[in-house]
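Visitor:
Residue numbers (the working numbering): 767 to 1466.
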């Protein structure tokens, strides 16, 4: 927040703004007509910007914020909501650059006051701490990530006797997924179980009791989980006084990626701006692909009629990414959607080749084709990092990964274990969280179980003894004789409780204590130690332990390499990514694996019409990542093994239903020779002599 003592009255210094003579006095001169209309829209009615893929929505939104500031809006009264901390930081950077370039220094200082920019969850956490006493919670709460939430769910599940049932009761991850889906979709538990977890329906009553106990456990330990940040914020907005105060505070509310919001987020926005005045949402219904997280396309489709005065709609259709032939094909695919905002992307890049729709023998041949093409494009001057291979599900890339490794082509795959999910990182953060909130049982037990000689029963006893009078008191615990490191641990807790220790010195204390334990517990210790040192480096960029723990939990990095360049990584590497992870990205060349029914759409996502429509949008997102070349690969058969009913066999596939014959003209249809047709090539498929089967049979 800006300090009122250092910033003059906003209206007064806005009158002092001077446009440099060397700069075009029109701050929107570089925008096209639709982008300009969105940036200049007034606050008399809500604004919906339908931003097609590659249409410059971030630039448009940044110009709108800059225009508001240059027109006299106080940046401290602007709330900007995004879906990642990096997106918020990038938006603030762009706004500051625009304002600084178009006005004198006072305006640049004004833009720097854009302090309410962040993710829904991060802004929610800030507001909950501010209004904590008014809504009956302790402002010193800590926040559990998904794994910690699952661990707490498991503790409650065990305490309730549900881990010793005669019939299979859902495990902690499933229980948390059911709970989270119910919170984010605002649907009754009955419909959640029937639609997404039918095998759990018999446990309806037990799950309801479990979730109630889980809520009690969180409140008694003064922790909130990821979903609580939205749920509590939404409930807080039911208070007319608080809602009115926030409506007056945030005169302008702008939301990026609105198609990815869930019902709670939409309810929060409607409560913040019930009239819609001053509310801008930007998104693309054709890129709504996160229903599995609780997002609903209904939010953006229903936005225009959510207010007394209908929302004004601006559609951004000019694409600055792809060639027109790629856009023609993508438009044809999405035009078959059952319901959508009408838009047709166009580009000034009219030349280019149509996307290739390639029939190919099988997954092994598909992998060889992709690597051949990737290397050929590289020789033609297209770097590996300018190429990407996209797929519906992570395991679809396994044959390709083997081929890339065999041919020594470096690659990076987006997905898999995240940095904060690594055991050694969670160990260190648990220690910090426990000191920050001594009632956090999950963090406390994780730390105590690190000590040699301390098992679950001892850890529970020590936890109860240590947590006295609202703080951590090592002297209150009966020292376990089996633990040789208790004195070092007690000294650490005493040091962390010392008020003279300033952040981030406390993280360094924890790391120094933990490293010897890490060396004993885990393999690849040097790499893990490097992770912790990288974590310590970025800790210095946060003002306090509380801010560090909160923001790192809400917007975690994907890997330690997010903090710094990896010296061991090749200078160039191919990108492998699920389509979900690729959203928002772009590459010169894109290869889409397994464009067949059963993969796109996934055979697990064809139960309802809504699921099928989301799968169509997923293909559209994949196609619109490509700038110059797009290959969609259609394997004719898949080799399946160890199927109990039918054994090892080939399964034949059909091309994805989302590219019917009626739109084939937008693609270059071709076939690539199978290995069987290639002279001198080794045959693929089931071997004539199954040596592996013979070896297994020898011992039976």
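Don't be surprised by glycine CBs; every beta carbon is placed ideally from N, CA and C.
1. Mind checking residue 1138: buried by the 16 CB within 10 Å criterion, or exposed?
2. Just to confirm, is the Cβ distance from residue 1495 to residue 1256 under 8 Å?
3. Mind listing, in chain order, the continuous alpha helix (DSSP H) runs of no fewer than 4 residues lying wholly within the region 1299-1382?
4. Which of the three DSSP states is assigned to residue 1264 in this structure?
5. Might you give, ordered along the chain, the residues of its own chain that have their beta carbon closer than 6 Å to the beta carbon of residue 1418, omitting 5 neighbours on each side?
6. Using only CA atoms, which one of 1384, 861 and 1343 lies nearest to residue 824?
7. Do the region 843-854 and the region 891-898 touch if we need at least three Cβ pairs shorter than 8 Å?
8. Taking the beta strand (DSSP E) that residue 917 falls in, what are its first and last residues?
9. Should residue 1285 be labelled buried (16 or more other beta-carbon atoms within 10 Å of its own) or exposed?
10. Does residue 1178 come out as helix, strand or coil in the three-state DSSP assignment?
11. I'd like to know whether the C-beta atoms of residue 1150 and residue 1339 end up nearer to each other than 8 Å.
12. For residue 1011, count neighbouring C-beta atoms within 10 Å of its own C-beta (all shown protein chains included) and say buried if the count is 16 or more, exposed if not.
13. Per the contact definition of three or more C-beta pairs closer than 8 Å, is the region 1297-1306 in contact with the region 1273-1288?
14. Determine the DSSP secondary structure at residue 1000, reduced to helix, strand or coil.
15. Quick one: residues in its chain with C-beta nearer than 7 Å to the C-beta of residue 1351, no 5 flanking neighbours on either side, listed in chain order?
16. Ignoring anything shorter than 4 residues or poking outside the region 1122-1194, list the alpha helix (DSSP H) runs there in chain order.
17. How long is the line joining the alpha carbons of residue 795 and residue 841, rounded to whole angstroms?
18. Assuming residue 1069 and residue 1077 form a contact by the criterion Cβ under 8 Å, report the distance between their Cβ atoms to the nearest whole angstrom.
19. Quick one, which of 1215, 814, 1317 and 1273 has its alpha-carbon nearest residue 1287's?
20. In this structure, what does DSSP give as the bridge partners for residue 884?
21. Would residue 817 and residue 1082 qualify as a contact pair, given that the criterion is a beta-carbon distance under 8 Å?
22. Kindly list the residues whose CB is nearer than 8 Å to the CB of residue 807, restricted to its own chain and excluding five residues on each side of it in sequence; keep chain order.
23. What number of angstroms, rounded off, separates the C-alpha of residue 1197 from the C-alpha of residue 857?
24. Who pairs with residue 1114 in a beta bridge, going by DSSP?
25. Looking at the structure shown, is residue 959 part of a helix, part of a strand, or coil, going by DSSP?
26. Might you give, ordered along the chain, the residues of its own chain that have their beta carbon closer than 7 Å to the beta carbon of residue 864, omitting 5 neighbours on each side?
27. In chain order, what residues of the same chain lie with their CB nearer than 8 Å to the CB of residue 826, ignoring the 5 residues before and after it?
28. Give me the residue from 1003, 1065 and 1007 with the minimum Cα distance to residue 1024.
29. For the region 998-1061, which segments carrying the alpha helix (DSSP H) assignment without a break, of at least 4 residues, lie completely within its bounds, in sequence order?
30. Consult DSSP for residue 1234 and reduce its assignment to one of helix, strand or coil.
31. CB-CB under 6 Å to residue 1233, same chain, minus the five flanking residues each way: which ones, in chain order?
32. Looking at residue 989 and residue 910, is the spacing between their C-beta atoms short of 8 Å?
33. When you compare only the Cα positions, how much space is there between residue 1158 and residue 1231?
34. Report the three-state DSSP secondary structure of residue 1090 (helix, strand or coil).
35. Nearest CA to the CA of residue 1228: which residue from 1195, 1164 and 1243?
36. By the DSSP assignment, the alpha helix (DSSP H) with residue 824 in it spans what residues?
Guide: On the basis of the supplied data:
1. exposed
2. The chain is shown only over 767 to 1466; residue 1495 falls outside these bounds and no answer can be derived.
3. 1311-1320 and 1345-1348
4. coil
5. 1403
6. 861
7. no
8. Residue 917 -> not in any beta strand (DSSP E); alpha helix (DSSP H) instead, spanning 912-925.
9. exposed
10. strand
11. yes
12. exposed
13. yes
14. helix
15. 1391
16. 1129-1145 and 1164-1172
17. 22 Å
18. 6 Å
19. 1215
20. 847
21. yes
22. 813, 830, 1046, 1078 and 1080
23. 34 Å
24. Residue 1114 pairs with nothing; no bridge assigned.
25. helix
26. 793, 828, 829 and 832
27. 797, 801, 804, 805, 815, 817, 1048 and 1082
28. 1065
29. 1006-1015 and 1029-1038
30. strand
31. 1204
32. yes
33. 50 Å
34. helix
35. 1243
36. 823-836
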